[in-house]
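In the working numbering, the protein residues as written are 353 to 1160.
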């Protein structure tokens, strides 16, 4: 909840209070607001991209953006002969904006006074329907507290919007829309159809506005307001003191990408004819959210009710945004998950590797959503194969930034706002994104045991990515080990070696170890396939017995650099870099998260120093248990002592600027059971990344969905110790001292399971479903778990006989 109108905070509030349903999303700009430096209305279609070219410094640069589609919100008013209402100029007596997370409703209540002393209470409710993915709705009411006068209402659809919501791209061409038609529909509606200029996606919006005075329908003559790219209606109503004028506005939004329709404009018109009143739309929407929370909610009872950080609320805010970005409606769409969701234009709505942090949230609840999102990658295998071939490799090379068709969307140049210089963006060399795709496929399979998906989609992805790593690895005969050269790691600050003109680094440890993991999974996948499917894929992908032997050899002889007695080098040559004087930079600058921008502005480079933007080597400890990682290192013939992980964490945490919100999630997780105070500091920072705008101005351009998912995942994984390995669901629970209890529901291989965790016991309750038993391990002991049963495990290791097995 936000109290008071603060122009400086409006952009962040608009992003945080965005409403969406997995199909489209609308930022929380006030209905009377325009893009003006304070407000930024934005409506985004999931996967709605368009490509444009811009002349920058004499070079034609092509960029693909997530398009800002016509603004359906405009609903403005004026009283008598006063000007149109503006919260920035009116005398605000009280102002409250509230996001109802339980019901998915935005509420705004304002009491204001105009220059004539007229006091009015304004109340707005808004939703983007989770029941009907094509519908948005709002209800605006004005109560005349001490006046009687005429009120003029204007409802419109504004198609004059452009993409101007991210500072980094202000120099790019942002005019993506072409108006196809705008007209009045019936007595109380308007229709606008636009088309994106290059991708030719047609989007139709039909908006209907109806007025009620103290609950009675008002039928008054309307004046049509029509300008290029804009269409609306005005109507004037006489209001007496004490009366309440209510306006209900509904929009139906369809696109040419929708299935089972004739034409999007026709479908939007039909939908509006069938639409009910706001309260009916709201009731269906609230019910849909109730069903979602039943599946997804994570309920925490704090040990200390006075704990200063409202963890349950912040976690629900994060889950709320995850469910607005991808929902059950997303299953039929060809979309990925952008790191900022559909809440703004940061990163141009492109798909990165953030899925790695986001998918676990859905895997254990509605894995059908994850399955659909993984097909986004599968459908773009052709583009990934073409990219690999073009670079001289085999298999599939997925892009660092992906958009509509899966080609590399990383910009050639980026503007450093500190130096105002355009600098090369070499992050396209982050080839580890392919390993993240393979990891996501495997994690989905481990949770669901969806053998059909693995046979016909997942296996092909993993095998093609393994082919890529095999072709990229070269044997260094002097070392007797394979190497991967010319890449960037997750760190992102280092894109080359000091004082060299070439880009890329050799033997990034994370990249190399992940490549080994992919090769091992590829060989395991081949063993799991039916004879027919194995033959088909080996023929299709050109995988020979010699190739498989090469995978095995690489997976045993990949080079991993080390220095300083057990420190895994971030990349080969890392040990030769200088140490940065962190205290000097902390004193010189208020915020050193983006040291790359600071150093470039000083005519220096992060390539010279031992520093990181975010977790790189430490990502290995985030993705793998110590046993899994120890197995990989043993396979490679490298020692992994008991202190290897803590030594490396301590080493790299001291050399990381945390320039990515994902970084705090990773460090919080890896420190959770060894250094709780430091872990809780990182967790609290990650949990508040957007609410506190920890990156100083980035939250206005969209929430950080990966960090949001990571905080939820951490509460679940650290508390329950949940893992999947060897066809066993492993639970090693340890409830944080700050919690009294934790309740959540998961799905695992057809089982719907409720977990109730306290400091003394873990209760595992299964719904009565006709599914095969699963193997469940608690605190290292393996049990058979039957659907419809309840087991209570004492966390001191003893299992009371009377509580071992109960029906129901």
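All residues carry an ideal CB built from backbone N, CA and C; glycine is no exception.
Just so it is clear, the structure is predicted and the values come from calculations on it, not from any experiment.
- Secondary structure note for residue 643: its alpha helix (DSSP H) is the uninterrupted segment 630-648.
- The beta carbons of residue 541 and residue 529 sit about 20 Å from each other, so the pair does not count as a contact at 8 Å.
- At a Cβ-Cβ threshold of 8 Å, residue 908 and residue 987 count as neighbours.
- Taking C-beta separations shorter than 6 Å and ignoring five residues to either side along the sequence, the partners of residue 826 in its chain run 835, following chain order.
- A contact is defined here as three or more CB-CB pairs under 8 Å, and the segment 484-495 fails this definition with respect to the segment 399-409.
- Residue 602 and residue 508 have their alpha carbons spaced roughly 11 Å apart.
- In this structure, DSSP gives residue 669 a helical state, which the three-state scheme calls helix.
- As summarised for the segment 1070-1139, the continuous beta strand (DSSP E) elements at least 3 residues long and confined to that stretch are 1075-1077, 1080-1083, 1091-1100, 1103-1110, 1113-1118, 1126-1130 and 1133-1137, given in chain order.
- In the three-state scheme derived from DSSP, where H, G and I count as helix and E and B as strand, residue 776 is classed as strand.
- Just measuring C-alpha positions, the residue of 709, 740 and 686 sitting nearest residue 731 is 686.
- Secondary structure of residue 746 (DSSP, three-state): coil.
- Between the segment 734-750 and the segment 780-787, the count of C-beta pairs closer than 8 Å reaches three or more; the two stretches touch.
- In the three-state reduction of the DSSP assignment, residue 998 falls in the helix class, which pools H, G and I.
- In the DSSP assignment, residue 699 forms no beta bridge with any residue.
- Secondary structure at residue 534: strand, using DSSP grouped into helix, strand and coil.
- As summarised for the segment 913-959, the continuous alpha helix (DSSP H) elements at least 4 residues long and confined to that stretch are 934-940 and 947-953, given in chain order.
- By the CB criterion at 8 Å, residue 997 and residue 1020 fall outside the cutoff.
- Rounded to the nearest angstrom, the gap between the Cα atoms of residue 588 and residue 689 is 44 Å.
- By the Cβ rule, the segment 864-878 counts as touching the segment 808-823, because three or more pairs are nearer than 8 Å.
- Straight-line spacing of the CA atoms in residue 895 and residue 881 works out to 14 Å.
- Separation of residue 597 and residue 579 (C-alpha to C-alpha, rounded to the nearest whole angstrom) is 27 Å.
- Residue 682 counts as buried, since at least 16 other C-beta atoms from the protein chains shown sit within 10 angstroms of its C-beta.
- Beta bridge pairing from DSSP links residue 1060 with no other residue.
- Per DSSP, the continuous beta strand (DSSP E) segment holding residue 564 begins and ends at 554-565.
- Bounds of the beta strand (DSSP E) holding residue 431 are 427-431.
- The segment 517-534 makes no contact with the segment 622-635: fewer than 3 CB pairs, one atom from each, lie closer than 8 Å.
- Taking the CA atoms as reference points, residue 594 sits about 31 Å from residue 391.
- A Cβ-Cβ separation of about 6 Å places residue 621 in contact with residue 558 under the 8 Å criterion.
- Excluding sequence positions up to five before and after residue 420, its CB lies within less than 6 Å of the CB of 394, 513 and 515, all in the same chain and listed in chain order.
- If you look at residue 407, you'll find it in the beta strand (DSSP E) that goes 395-408.
- Straight across, the Cα-Cα distance linking residue 543 with residue 535 is about 5 Å.
- Closest by C-alpha distance to residue 423, out of 500, 477, 744 and 582, is 582.
- Uninterrupted beta strand (DSSP E) stretches at least 3 residues long and entirely within the segment 863-899 do not occur.
- Beta-bridge pairing by DSSP links residue 510 to 423 and 582.
- With the rule of 3 Cβ pairs closer than 8 Å, the segment 1105-1116 does not count as touching the segment 1041-1060.
- Counting along the chain, residue 498 sits inside no beta strand (DSSP E), nor does DSSP assign it H or E at all.
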